[in-house]
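All residue numbers for the sequence shown refer to this note's numbering, where the first residue is 20 and numbers rise by one.
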Amino acid sequence: MFPQTRLRRLRRQSLRPLFTETQVTRNDLIMPLFFVEGATEKVPITSMPGQFRWPLSAAADVAKDLAADGIKAVILFGIPKTKDAVASSAFAADGVIQEATRAIKAAVPEMVVITDLCACEYTDHGHCGIIHESCDGPDLDNDASLELMQKIAVSQAAAGADMVAPSCMLDGMVMAIREALDAAGYEYLPIMSYSTKFASALYGPFREAADSGFSFGDRSTYQMNPANGREAFRESLLDTEEGADILMVKPAGFYLDVLAQVKELGLPTAAYQVSGEYSMIKAAAQNGWIDEKRIVMESLISIKRAGADLIITYYAQDVARWLA
20 MFPQTRLRRL RRQSLRPLFT ETQVTRNDLI MPLFFVEGAT EKVPITSMPG QFRWPLSAAA
80 DVAKDLAADG IKAVILFGIP KTKDAVASSA FAADGVIQEA TRAIKAAVPE MVVITDLCAC
140 EYTDHGHCGI IHESCDGPDL DNDASLELMQ KIAVSQAAAG ADMVAPSCML DGMVMAIREA
200 LDAAGYEYLP IMSYSTKFAS ALYGPFREAA DSGFSFGDRS TYQMNPANGR EAFRESLLDT
260 EEGADILMVK PAGFYLDVLA QVKELGLPTA AYQVSGEYSM IKAAAQNGWI DEKRIVMESL
320 ISIKRAGADL IITYYAQDVA RWLA
């Protein structure tokens, strides 16, 4: 009790570093990258200052640049030349993500390449799989879409992906993908499941970046209701039982309570600091309202303190440089 107990004793400037409980390191960071099939130059993403859509020809140089700053992992998103109702470009052997994967692994073999496994960038309707007519109108056909995810997973594995990350929030997606990978001889390829992905308003800038807006409705019939914490935990629990190797919570900052609960399942956990989180920080910093570096580091420390082992963030390269 006070005055014998004084917690401020360990907060002296010289002592504080010795008692820091949570630290972010470069090993924690995963950098998202967007590649455009047929592009000839990088294009700035207007709603995400400092981020770009890259041509495939730049993949090797981008990977080398990230590796030079200590980034050890990337997650890839692709924008194809052509889109159709069944996302055929997503599982093409020469698809944009497949080609980007090959280029990065050839240039920087030690770079961990994670492939986002979904269909929204590849469908002409912008939804994450095959559409059918339901009692409520057009909606995602869960089981038909599982077959599509299996094709995409095997295609990405064949291209050299180190890990696949299904983001479609389909019932049974992890089990279906695990079965397909194992049958194709990729039993050692891990699955980082977007196990609890909320139907968030924070994805707007991403839709510009990935050209993944939807032509009707929204994604609330397959992504999580932001109000439902218990259901969110069940989603990650089910993915654990289906064989996920890593569980992800997306978005990160608004859902740290869910992240802390998911951590209790015992698997490695990832959190995605999404485009809206990035853009809000950028906008406030550009207006001089906040200290960008301090806010970014505080946000990432909070995510890690809540339980994340890995953090996907558009600030990954900036943070790697700050930590050097």
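Even for Gly, the Cβ is constructed at its ideal location relative to N, Cα and C.
Short check: CB of residue i to CB of residue j, under 9 Å?
i, j, result
"Met67", "Ser294", "yes"
"Phe53", "Glu118", "no"
"Ile314", "Ile300", "yes"
"Met171", "Cys137", "A small correction: the amino acid at residue 171 is Ile; Met does not occupy that position in the sequence shown. Closer than 9 Å, so yes."
"Tyr213", "Ser239", "no"
"Val268", "Ala335", "no"
"Val127", "Leu167", "no"
"Tyr241", "Met188", "yes"
"Ala246", "Gln280", "no"
"Lys61", "Trp73", "yes"
"Arg197", "Gly262", "yes"
"Pro51", "Ile116", "no"
"Thr332", "Gln292", "yes"
"Ala86", "Glu152", "no"
"Ala202", "Ala112", "no"
"Arg25", "Leu34", "no"
"Gln169", "Ala218", "no"
What did DSSP end up calling residue i once you bin it into helix, strand or coil?
i, result
"Phe21", "coil"
"Trp308", "coil"
"Ile90", "coil"
"Lys282", "helix"
"Ile210", "strand"
"Gln117", "helix"
"Asp143", "coil"
"Val55", "strand"
"Pro36", "helix"
"Met299", "helix"
"Asp158", "strand"
"Met316", "helix"
"Arg72", "strand"
"Lys323", "helix"
"Val81", "helix"
"Asp230", "coil"
"Pro63", "strand"
"Leu348", "In the structure displayed, the chain extends from 20 to 343; residue 348 sits before or after that span and is not available."
"Leu48", "strand"
"Leu26", "helix"
"Leu136", "strand"
Over what stretch of residues does the beta strand (DSSP E) that includes residue i continue unbroken?
i, result
"Arg182", "First, the amino acid is wrong: residue 182 is Met here, not Arg. Per DSSP, Met182 belongs to the beta strand (DSSP E) from Met182 to Pro185."
"Glu152", "Ile150 to Ser153"
"Thr332", "Leu329 to Thr332"
"Met267", "Ile265 to Lys269"
"Ala290", "Thr288 to Gln292"
"Asp258", "Counting along the chain, Asp258 falls outside any beta strand (DSSP E), though it belongs to the alpha helix (DSSP H) covering Gly248 to Glu261."
"Pro128", "From DSSP, Pro128 is part of no beta strand (DSSP E); its letter is neither H nor E."
Using CA atoms only, rank isn't needed, just tell me which of the options is closest to residue i.
i, options, result
"Thr65", "Arg45, Gly223, Tyr205 and Ser107", "Gly223"
"Ala228", "Met20, Leu26 and Phe96", "Phe96"
"Tyr207", "Lys323, Val62, Arg226 and Val173", "Val173"
"Ile330", "Leu284, Ile265 and Ala302", "Ile265"
"Asp103", "Pro157, Ala202 and Ile149", "Ile149"
"Met243", "Val277, Glu152, Glu260 and Thr259", "Val277"
"Ala271", "Leu256, Ala77 and Ala290", "Ala290"
"Ala77", "Lys100, Asn46, Thr120 and Gly69", "Thr120"
"Gly156", "Ala177, Met211 and Asp237", "Asp237"
"Met316", "Asp337, Ala303 and Ala87", "Asp337"
"Gln211", "Ala87, Thr288 and Ala111", "Gln is not the amino acid found at residue 211; the sequence shown has Met there. Ranking the options by Cα distance to Met211, first place goes to Thr288."
"Ala325", "Glu311, Glu283 and Thr59", "Glu283"
"Leu48", "Leu37, Val131, Leu75 and Asp258", "Val131"
"Gly204", "Ala163, Ala176, Asp258 and Lys312", "Ala176"
"His144", "Leu26, Thr59, Arg31 and Asp230", "Asp230"
"Arg30", "Gln23, Pro22 and Thr39", "Thr39"
"Ala195", "Ala163, Gln23 and Phe217", "Ala163"
Tell me where the alpha helix (DSSP H) around residue i begins and ends.
i, result
"Met194", "Met192 to Ala202"
"Ala104", "No alpha helix (DSSP H) holds Ala104; DSSP gives it neither H nor E."
"Ala163", "Asn161 to Ala177"
"Leu342", "Ala335 to Leu342"
Please check the pair residue i and residue j, which I expect to be a contact at CB under 8 Å, by giving their CB distance rounded to whole angstroms.
i, j, result
"Ile98", "Glu56", "7 Å"
"Pro209", "Met182", "5 Å"
"Ala79", "Ala125", "7 Å"
"Leu221", "Glu296", "6 Å"
"Thr215", "Glu260", "Incorrect: roughly 14 Å between the Cβ atoms, too far for contact."
"Gly69", "Ala339", "Contact flag wrong, Cβ pair sits at about 14 Å."
"Thr134", "Ala184", "7 Å"
"His146", "Leu159", "6 Å"
"Thr41", "Lys312", "About 17 Å; that fails the 8 Å criterion."
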